[in-house]
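Asker: Could you have a look at this structure, given as structure tokens, before my questions?
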Amino acid sequence: MAKNKARTKKSKKKLLKRPRKISKSKEVFQEQEHFILQPPRGMKDILPEEQLYWDQVRKVSERLARDFGFSRIDTPLIEFANLFVRSVGEGTDIVDKEMYTFLTRGGDRVALRPELTAGICRSYIQHGMQVLPKPVKLFSIGPVYRYDRPQEGRYREHYQINFDSFGEQDAILDAQMIQIASRVIQGLGIKSLQVQVNSIGCSVCRKEYKELLVNYLESKRLKLCQDCKVRLEKNPLRILDCKEDKCFQVAASAPQSIDHLCEECRIHFKNLLEYLDELDLPYVINPQLVRGLDYYTKTVFEIWSGEEDGRKQSLGGGGRYDNLIKLLGGEPTPAVGFGLGIERLIIEMKRVQARPYRSPRPRVFLAQLGDLAKKKSLKLFSELEKNGIFTAESFGRGSLKSQLRVADRLGVEITLILGQKEALDQTVIVKNMASGVQEIVSADKLVDIIKKKLKADNVVVYHEDSVNT
RNA sequence: GUGGCUAUAGUUUAGUGGUAAAACACCAGUCUGUGGCACUGGUUUCGAGAGUUCGAUUCUCUCUAGCCACCCCA
Numbered sequence: 007m008a009k010n011k012a013r014t015k016k017s018k019k020k021l022l023k024r025p026r027k028i029s030k031s032k033e034v035f036q037e038q039e040h041f042i043l044q045p046p047r048g049m050k051d052i053l054p055e056e057q058l059y060w061d062q063v064r065k066v067s068e069r070l071a072r073d074f075g076f077s078r079i080d081t082p083l084i085e086f087a088n089l090f091v092r093s094v095g096e097g098t099d100i101v102d103k104e105m106y107t108f109l110t111r112g113g114d115r116v117a118l119r120p121e122l123t124a125g126i127c128r129s130y131i132q133h134g135m136q137v138l139p140k141p142v143k144l145f146s147i148g149p150v151y152r153y154d155r156p157q158e159g160r161y162r163e164h165y166q167i168n169f170d171s172f173g174e175q176d177a178i179l180d181a182q183m184i185q186i187a188s189r190v191i192q193g194l195g196i197k198s199l200q201v202q203v204n205s206i207g208c209s210v211c212r213k214e215y216k217e218l219l220v221n222y223l224e225s226k227r228l229k230l231c232q233d234c235k236v237r238l239e240k241n242p243l244r245i246l247d248c249k250e251d252k253c254f255q256v257a258a259s260a261p262q263s264i265d266h267l268c269e270e271c272r273i274h275f276k277n278l279l280e281y282l283d284e285l286d287l288p289y290v291i292n293p294q295l296v297r298g299l300d301y302y303t304k305t306v307f308e309i310w311s312g313e314e315d316g317r318k319q320s321l322g323g324g325g326r327y328d329n330l331i332k333l334l335g336g337e338p339t340p341a342v343g344f345g346l347g348i349e350r351l352i353i354e355m356k357r358v359q360a361r362p363y364r365s366p367r368p369r370v371f372l373a374q375l376g377d378l379a380k381k382k383s384l385k386l387f388s389e390l391e392k393n394g395i396f397t398a399e400s401f402g403r404g405s406l407k408s409q410l411r412v413a414d415r416l417g418v419e420i421t422l423i424l425g426q427k428e429a430l431d432q433t434v435i436v437k438n439m440a441s442g443v444q445e446i447v448s449a450d451k452l453v454d455i456i457k458k459k460l461k462a463d464n465v466v467v468y469h470e471d472s473v474n475t
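Encoded structure:
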């Protein structure tokens, strides 16, 4: 026994080490100690107790998707790397620093998706969805990958909920997107959220604005931080949300994109704000809001959690991307969408102590005693299940005592006891756990009797559809 | 990617240069076929590797992971 234990311990330690990479022909891989009893950095399990939260996030968002007319779509985790380079944009952090890009055995350069919209757009074009009645509304949910340094609420694998709407350019869609995002968050019991909106213009006025901005920033060049001097060449818009104090000062008095919109974009933004007012959706206009993806035009928005003074975290964001479909080779199609980070939603749910719905619990426990009874109980269990009686068991346990302990812990209302004697007599003992009273019932009447008892108990039944949005 | 802090049973935490402890949890017994309470007992641990040392869980270094700030965003 002791020997056995020692071996187990040893093998566990051995398992903790990943096998060294074997040198393969001429290439010699770097020798490294790894661990296989934990996932790679920034990845984590979603454990059973967490699933309550996940179920709820899924349920709330799926219901809203349905109610607002969005159809589900799932696209591959892996796409050609160029899809993201083209859409998200070269020069963005996501593409330059954070993408998991690799070559397949066949030599294709592919990437784990760093966001969902690009793949959805690809699918939209590939399957000719432009012939469908507009707008085409798509809903997706799944993991995305970014090679970033992990910390709480920031993982290399995280899940996003994505809503996209294609083919409609009216600002009412933008407003509705913001409304849906807010509804998802509120539906999860998160009350304090802040909507930040901005307009970064279309390809025409943004170009003009960019020149204006660069001129201004060039004049203040000396006051900018090191990073921003580089940004000035590559992506000047990003200087606007630099957190360096001195850059912030410069940015604060920089020309603002909303003051330099073309007529069309200006009206679009004005309409959006009017629609938001109409929806009674509070928002903050943040002229420095610039998103990390290049495909956005006109409307951009983010949703932040937390109170005024508390720590704020972005729960999600989105915007309009009227040029993306064309850029990827489709018919010019206006579009608007947003994504929400599920892990962050759950962190926030926990922070505000929003209780997830409890999953249904078994109300009956089946205990068995002795070989014959054990055999019979296996069938009885599935008989109960077929009749819709959610039953728990602990077939692995022998003693009645330990089985009753489990039954008690589960909080069931009724325990069925099937022993040697009952197995021979074709009966079952029905024990009421609250009162301790038990009665002997003939096996063929058992299902009806239990059904009656459970009904009579008038216990609150779990409501599948009670989602408080 | 940069800087800082941390790593002890399943969980939350004590503690020590001489290989470890508490609480809760789990398993079992007291009760030969009856749960909750109580009592008794049991299982399980120093993140990985290297160095210093007679001896390292403790000191040093490296790696890994977690957290925090920056950055970025979801």
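Heads up, the first sequence is in our numbering, so the first residue is 7 and it goes up one at a time.
Here a beta-carbon is modelled for each residue, glycine too, at the ideal position from N, C-alpha and C.
Remember, it's a predicted structure, so these values are computed and weren't measured experimentally.
#1: Contact check, A379 vs Q426 under 8 Å by CB: the rounded distance?
#2: Let me know the secondary structure DSSP gives R162 once reduced to three states.
#3: Could you pull out every residue in the same chain whose Cβ sits closer than 8 Å to the Cβ of E470, ignoring the five residues on either side in sequence?
#4: Roughly how many angstroms separate the alpha carbons of G125 and G97, rounded to a whole number?
#5: Could you check which residue in Y161, G159, I191, N168 has the C-alpha nearest to that of L144?
#6: So Y165 and I348 are in contact, right, with Cβ under 8 Å, and what is the actual spacing, rounded?
#7: Using the three-state DSSP reduction, which class does S408 fall into: helix, strand or coil?
#8: When burial is assigned at 16 or more other CB atoms within 10 Å of the CB, is K332 buried or exposed?
#9: Taking the C-alpha atoms as reference points, what is the distance between D102 and F108?
#10: Mapping the DSSP letters down to three states, classify D431 as helix, strand or coil.
#11: Shortest alpha-carbon distance to D286 belongs to which of E163, I353, I184?
#12: Can you check whether the CB of S383 is closer than 8 Å to the CB of L424?
#13: Could you check which residue in I264, G336, Q200, L375 has the C-alpha nearest to that of Q319?
#14: What number of angstroms, rounded off, separates the C-alpha of E2 from the C-alpha of I147?
#15: Suppose you measure from the CA of L228 to the CA of L218; what does that come to, to the nearest Å?
#16: Considering just the uninterrupted stretch of the beta strand (DSSP E) at N204, what are its terminal residues?
#17: With 16 other CB atoms within 10 Å as the buried threshold, where does Q62 fall?
#18: What is the DSSP secondary structure of Y327, counted as helix, strand or coil?
#19: Would the beta-carbon of Y130 fall within 8 Å of that of G336?
#20: Can you give the Cα-Cα distance for D4 and P293, rounded to whole angstroms?
#21: According to DSSP, which residues form a beta bridge with R78?
#22: Per DSSP, I423 forms a beta bridge with which residues?
Answerer: On the basis of the supplied data:
#1: Here residue 379 is taken as the residue at index 373 of the first sequence, counted from 1. Here residue 426 is taken as the residue at index 420 of the first sequence, counted from 1. Yes, A379 and Q426 are in contact; Cβ-Cβ is about 6 Å, under 8 Å.
#2: Reading the first sequence from its first residue, position 156 is the one you call residue 162. R162 falls in the coil class under three-state DSSP.
#3: As a first step, residue 470 is located in the first sequence; it is residue number 464 there, counting from the start. A caution first: E470 carries a pLDDT of 35, below 50, which makes its placement in the model unreliable, though a value can still be read off. Closer than 8 Å at Cβ, skipping near neighbours: no residue.
#4: Here residue 125 refers to the residue found at position 119 when the first sequence is read from its first residue. Here residue 97 refers to the residue found at position 91 when the first sequence is read from its first residue. The C-alpha of G125 lies about 20 Å from the C-alpha of G97.
#5: Taking the first sequence and counting its residues from 1, the one referred to as residue 144 is at position 138. It is N168.
#6: Within the first sequence, the letter at position 159 stands for residue 165. Within the first sequence, the letter at position 342 stands for residue 348. The Cβ separation is near 4 Å, so the contact holds.
#7: The residue given as residue 408 occupies position 402 in the first sequence. In the structure shown, S408 sits in a helix (DSSP, three-state: H, G or I).
#8: The residue given as residue 332 occupies position 326 in the first sequence. Exposed.
#9: In the first sequence, the residue the question calls residue 102 occupies position 96. In the first sequence, the residue the question calls residue 108 occupies position 102. If you take the alpha carbons of D102 and F108, they lie about 14 Å apart.
#10: Position 425 of the first sequence, counted from the first residue, corresponds to residue 431. Helix, per DSSP.
#11: Taking the first sequence and counting its residues from 1, one reaches residue 286 at position 280. Residue I184 is the option with its Cα nearest to D286.
#12: Locating residue 424 in the first sequence gives position 418, where the first residue counts as 1. Locating residue 383 in the first sequence gives position 377, where the first residue counts as 1. Inclusion of L424 and S383 in the CB contact set at 8 Å is warranted, their separation being smaller than that value.
#13: Taking the first sequence and counting its residues from 1, one reaches residue 319 at position 313. Each of I264, G336, Q200, L375 was checked against the Cα of Q319, and the nearest Cα belongs to Q200.
#14: With the chain covering only 7 through 475, there is no way to say anything about residue 2.
#15: By 1-based counting over the first sequence, the position of residue 228 is 222. By 1-based counting over the first sequence, the position of residue 218 is 212. When the Cα atoms are used, L228 and L218 turn out to be separated by approximately 18 Å.
#16: To locate residue 204, count along the first sequence from 1; it is residue 198. Annotation for N204: the continuous beta strand (DSSP E) segment containing it runs 199-205.
#17: Position 56 of the first sequence, counting from 1, holds the residue named residue 62. Q62 comes out buried.
#18: As a working mapping, residue 327 is identified with position 321 in the first sequence. If DSSP states are grouped into helix, strand and coil, Y327 belongs with coil.
#19: One-based indexing of the first sequence puts residue 130 at position 124. One-based indexing of the first sequence puts residue 336 at position 330. Going by C-beta atoms, Y130 is nearer than 8 Å to G336.
#20: This structure cannot settle anything about residue 4, because the visible part of the chain is limited to 7 through 475.
#21: By 1-based counting over the first sequence, the position of residue 78 is 72. Bridge partners of R78: F145.
#22: Walking along the first sequence from the start, residue 423 turns up at place 417. I423 is bridged to A373, I435.
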